[in-house]
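All residue numbers for the sequence shown refer to the UniProt record's numbering, where the first residue is 1 and numbers rise by one.
Even glycine gets a Cβ: it sits at the ideal position worked out from N, Cα and C.
Single-structure report; data block below.
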Amino acid sequence: AIRRALPPPSLQQRLLAMLQAIDERLEKAGVTYWVTGGTLLGAIRHGGFIPHDDDLDIELLE
């Protein structure tokens with residue numbers, strides 16, 4: 001069986017900081033966005049990131 005290595009906790013902390021910065025900038029610009037894919041699934045199912053997730057998934061129409 002192939003085991004997927006978990007990303008280091010610091011990576012997910014950096015991703016969260018990036019998402020917060022993106023949120024601040026898009027809110028100031030009046031741009032609506034939403035999380036999708038693994039980011040949305042993690043938020044719903046884990047209350048954060050999926051343990052093996054190593055990226056952010058967002059969408060916007062602008």
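Spatial distance of Val35 from Leu61 (CA atoms): 12 Å
Asp54 and Leu15: beta carbons closer than 9 Å? yes
Would you call Thr39 buried or exposed, if buried means 16 or more other Cβ atoms sit within 10 Å of its Cβ? buried
Take Ile58 and list the residues in its own chain whose beta-carbon comes closer than 6 Å to its own, dropping the five residues that flank it on each side. Tyr33, Val35
Please classify Gly42: is it buried, with 16 or more other beta-carbons within 10 angstroms of its beta-carbon, or exposed? buried
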